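Trainee:
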Amino acid sequence: LISAHTNGFVTVRTSFDNELKISSAEMIGAARDGRVTGGDAFAASLEKADPVFGLPTLPFLVQSFEVARALNTRARPLYEKALEAQNLKLLYMTIWPATGLWSDRALNSANDLNALVVRT
Numbered sequence: 003l004i005s006a007h008t009n010g011f012v013t014v015r016t017s018f019d020n021e022l023k024i025s026s027a028e029m030i031g032a033a034r035d036g037r038v039t040g041g042d043a044f045a046a047s048l049e050k051a052d053p054v055f056g057l058p059t060l061p062f063l064v065q066s067f068e069v070a071r072a073l074n075t076r077a078r079p080l081y082e083k084a085l086e087a088q089n090l091k092l093l094y095m096t097i098w099p100a101t102g103l104w105s106d107r108a109l110n111s112a113n114d115l116n117a118l119v120v121r122t
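Numbering (the numbering used here), first residue to last: 3 to 122.
#1: Leaving out five residues on either side along the sequence, give the residues of the same chain with a beta carbon under 6 Å from the beta carbon of residue 12.
#2: Just mark residue 28 as buried or exposed, buried being the case when its beta carbon has 16 or more other beta carbons within 10 Å.
#3: State the CB to CB distance for the pair residue 63 and residue 81, rounded to an integer number of angstroms; the pair is presumed to be in contact (CB under 8 Å).
#4: Tell me, to the nearest whole angstrom, how far the beta carbon of residue 84 is from that of residue 52; I am working on the premise that it is less than 8 Å.
#5: Can you give the Cα-Cα distance for residue 68 and residue 110, rounded to whole angstroms?
#6: Between residue 61 and the rest of its own chain, which residues show a CB-CB distance below 6 Å, the 5 nearest in sequence each way excluded?
#7: Is any beta-carbon of chain D found at less than 9 Å from that of residue 110?
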């Protein structure tokens, strides 16, 4: 479809199930280094590249589709700036349910995690 709409100038080769062995967290580096020419990743997995990508994981920030859309609208310029610093361009964003694990104390070992009471 993209190839047809760009008269063959742009082609897309999709790969699923980590066929290229590039995790979501590595996507910015892979695109910046030319291992891929584009990628799709959940924002929170990019948080090591820039803390702004952790925004959608903040607990209880998003409680509805409407609030998620508003968050995306407000976050987009911040994401664009973070990607621009890596010489990359944000093409699109999707609404995704917030995820993350938050604790009121440091988790330094598997035992610390096992002792944590988690609401799912």
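Positions of the beta carbon are idealized from the N, C-alpha and C atoms, including for glycine.
Since the model is a prediction, treat every value here as computed from it, not as a measurement.
Mentor: This is what the structure holds:
#1: 4
#2: buried
#3: Not confirmed; about 16 Å, so no contact.
#4: 4 Å
#5: In this structure, the alpha-carbon of residue 68 lies about 36 Å from that of residue 110.
#6: 104
#7: Given the protein chain composition of this structure (a single chain), no chain D is represented.
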